[in-house]
Amino acid sequence: MQRDTLWVPKRISTALVKVGLGKESIPLLVRETPVPKAAWSKPSERPKAKDHIGSMSVQKRIPEPPAQILLVDDIIKRGATALGDANKLAEAFPLAQIRAFAAMRTISDPGDFQSWFNPVIGTVQYSPNTEGTVRRPWTKKRNLENRLPKEQLTGYHASS
185 MQRDTLWVPK
195 RISTALVKVG
205 LGKESIPLLV
215 RETPVPKAAW
225 SKPSERPKAK
235 DHIGSMSVQK
245 RIPEPPAQIL
255 LVDDIIKRGA
265 TALGDANKLA
275 EAFPLAQIRA
285 FAAMRTISDP
295 GDFQSWFNPV
305 IGTVQYSPNT
315 EGTVRRPWTK
325 KRNLENRLPK
335 EQLTGYHASS
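Residue numbering for the sequence shown follows my numbering, beginning at 185 and increasing consecutively.
What follows is the structure in structure tokens.
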């Protein structure tokens, strides 16, 4: 984490725990090697999931491996960061169920935009043909508390 920077995922994770939507917030991943920031890159030049996996390390071990891990980010674009981070955590915690939460998501097709508040649950999948990712929302406005038991969640966020 760079000094005097706004660490949005940490703030989101801490806020979720504060209102009872998680057990604790721990900065578990650290970026060892810089990668281009997706928000400032052309789509063809954005880092892929494998770039994120290779650039991250697990910062520290925790005494008891969590049963569930929630990755927290501010914005999800194509999902390469989330998929890379999830795979890195899966190496360290192979028995944990890993999910991701983003406060916002990009929408490429203006025709798909419905409103500023439009929560979805979906998947991010690896595409071997392009070595990229495919992000697919598959359900809308579902009760997230039924999907994510808050007493079992530990929120982690990557330090940039």
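Built from N, CA and C at the ideal position, the CB exists for glycine as well.
Being a predicted model, the structure only gives us computed values, none of them experimental.
Going by the beta-carbon positions, is the gap between residue i and residue j smaller than 9 Å?
| i | j | result |
| --- | --- | --- |
| D258 | H236 | no |
| K207 | V201 | yes |
| A286 | A264 | no |
| T217 | S209 | no |
In whole angstroms, what is the alpha-carbon distance linking residue i and residue j?
| i | j | result |
| --- | --- | --- |
| S299 | T290 | 12 Å |
| P312 | I196 | 32 Å |
| P303 | E229 | 28 Å |
| P227 | Q281 | 30 Å |
| I246 | V203 | 23 Å |
| S225 | L205 | 33 Å |
| P220 | M288 | 20 Å |
First and last residue of the alpha helix (DSSP H) that includes residue i?
| i | result |
| --- | --- |
| P247 | Segment: none, P247 is in no alpha helix (DSSP H) and carries neither H nor E. |
| T290 | Taken as a continuous stretch (DSSP letters only), T290 belongs to no alpha helix (DSSP H), as it is neither H nor E. |
| G268 | 264-276 |
| V239 | Before going further, note that residue 239 is Ser rather than Val in the sequence given. S239 -> alpha helix (DSSP H) spans 233-239. |
Once the 5 residues before and after residue i are set aside, which same chain residues still bring their CB inside 8 Å of it?
| i | result |
| --- | --- |
| T317 | K232, A233, R262, G263, A264, L267, V308, Q309, Y310, S311 |
| L279 | P249, A251 |
| F297 | I291 |
| A222 | R230, P231, K261, R262, A264, T265 |
In the DSSP assignment, find the beta strand (DSSP E) that holds residue i and state where it starts and stops.
| i | result |
| --- | --- |
| R215 | 209-215 |
| D257 | 252-260 |
| V192 | Not the beta strand (DSSP E): V192 falls in the alpha helix (DSSP H), residues 192-202. |
| S311 | 304-311 |
Suppose the cutoff is 6 Å on Cβ atoms and the five residues either side in sequence are ignored; what does the same chain contact list for residue i look like?
| i | result |
| --- | --- |
| K320 | Note that residue 320 corresponds to Arg in the displayed sequence, not to Lys. Hits under 6 Å: G306, T307. |
Give me, in chain order, the residues of the same chain whose beta-carbon lies closer than 7 Å to that of residue i; leave out the 5 immediate sequence neighbours on both sides.
| i | result |
| --- | --- |
| F277 | P249, P250, I253 |
| E409 | No information on residue 409 is available, as it lies outside the stretch 185 to 344 that the chain covers here. |
| P294 | none |
Taking 8 Å as the line, does the beta carbon of residue i fall inside it for any heavy atom of the ligand SAM?
| i | result |
| --- | --- |
| A223 | Summarising the ligand content, the structure contains no ligands, and the ligand SAM is consequently not present. |
Given 8 Å as the limit, is there contact between the region 268-282 and the region 238-254, that is, 3 or more CB pairs closer than that? yes
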